[in-house]
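Novice: The following block contains the structure, expressed as structure tokens.
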Amino acid sequence: MMLPEIPRRSWLQRWHVKGLVGTGILLALLVASSRMTGVDVGMFFSNFGQFLNLLVRMSSPTWSYTAVIIRPLLETIQMAILGTTIGAAFAIPFAVLSASNLIHNRFLRGVTRLFLDLVRTLPDLLLAAIFVAVFGIGSTAGVVTLAIFSFGMVSKLFYEVIETIDMGPLEALESVGASKITIIWFAVLPQILNQFVSYFLYTLEINVRASTVLGYLGAGGIGVFLQRSLNEFNYSQTAVIILATLAVVLVIDGVSNHLRRVLL
């Protein structure tokens, strides 16, 4: 009985030439990019002691400061919930209009996607600066900023999910003359509900973190207190703010995981 011949690897496979060449090209691009942009990698290591010093100064949080930040932290959470909910609600119809398997009109789909691209192009800090000038300092500017940011992000995630659904139920409903609303409600929504909830909570988590930064521009929330503690070099209070934000993010992540298990 003859044993099957073991295929021989070429010298390219034996010495992993493609992987080594790809790694070399990537490293060359990183070095060239750092030189073109003036990035000093050595400065990171030379100033690493300052980073450790900040960690040491934040290692003893002022826990009594927690009572001060509870109200602005709740305001931050409320801003994130309102902004995410409003943005996601407006994102659903635009996601439907952008899905190629639901909307076969290329012009309408292209215009909708172009509009969503324009919305995602605007940085949230620029939006916050504009709406602080329009609405004044306060949470209103933050909510509107987060709503627009959520709208642009969620709409793209939603229509990409819609394009991956099983078309069988849709074709079955179309064959009996069901309307578009009926098809979306009974054939599309059940397939994407769990992913919609997951993306919504993921966006909410991002907005909680983003709203802390928006406070620097006067958009309300705990960001005002974060800016104040940093300007005063009171890093023990900064540590409390960071830990409080981390706790909120962990809670949202836990809720997201639970809902994902329930809906699957």
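Numbered by the numbering used here, the letters in the sequence shown go through residues 115 to 378 in order. Glycine included, C-beta positions come from ideal geometry on N, C-alpha and C. No experiment lies behind these values; they were computed from the predicted model shown.
So, for residue 224: in the same chain, excluding its five sequence neighbours on each side, which residues have a beta-carbon less than 8 Å away from its beta-carbon?
Specialist: Cβ neighbours of residue 224 beyond the five flanking positions: none.
Novice: Whole angstroms are fine: how far does the CA of residue 143 sit from the CA of residue 115?
Specialist: For residue 115, the pLDDT reaches just 49, beneath the cut-off of 50, and the residue's location in the model is therefore unreliable, leaving the point undetermined.
Novice: Closer than 7 Å by C-beta to residue 155: which residues in its own chain qualify, once you throw out the five before and the five after it? Chain order, please.
Specialist: Cβ neighbours of residue 155 beyond the five flanking positions: 148.
Novice: Around the C-beta of residue 184, are 16 or more other C-beta atoms found within 10 angstroms, so that it is buried, or is it exposed?
Specialist: So residue 184 ends up on the exposed side.
Novice: Leaving out the 5 sequence neighbours to the left and right, which residues in its chain are closer than 7 Å to residue 265 when beta-carbon positions are compared?
Specialist: Answer for residue 265: 201, 204, 205, 233, listed in chain order.
Novice: Could you tell me if residue 289 is buried or exposed, where buried requires 16 or more neighbouring beta carbons within 10 angstroms of its beta carbon?
Specialist: With fewer than 16 other Cβ atoms within 10 Å, it is exposed.
Novice: For residue 130, does the three-state DSSP call read helix, strand or coil?
Specialist: Looking at residue 130 - three-state DSSP - the assignment turns out to be coil, as it is neither helix nor strand.
Novice: When the Cβ atoms of the segment 242-254 are set against those of the segment 208-223, are three or more pairs found closer than 8 Å?
Specialist: With a cut-off of 8 Å, the segment 208-223 and the segment 242-254 do not count as touching, because too few Cβ pairs lie within range.
Novice: Does the separation of the CB atoms of residue 323 and residue 359 fall below 8 Å?
Specialist: Yes. Within cutoff.
Novice: Relative to the C-alpha of residue 256, which candidate in 319, 337, 286 has its C-alpha closest?
Specialist: Among 319, 337, 286, the Cα nearest to that of residue 256 is on 337.
Novice: Rank 276, 192, 158, 339 by C-alpha distance to the C-alpha of residue 313 and give the top, closest one.
Specialist: Measuring from the Cα of residue 313, the nearest candidate turns out to be 276.
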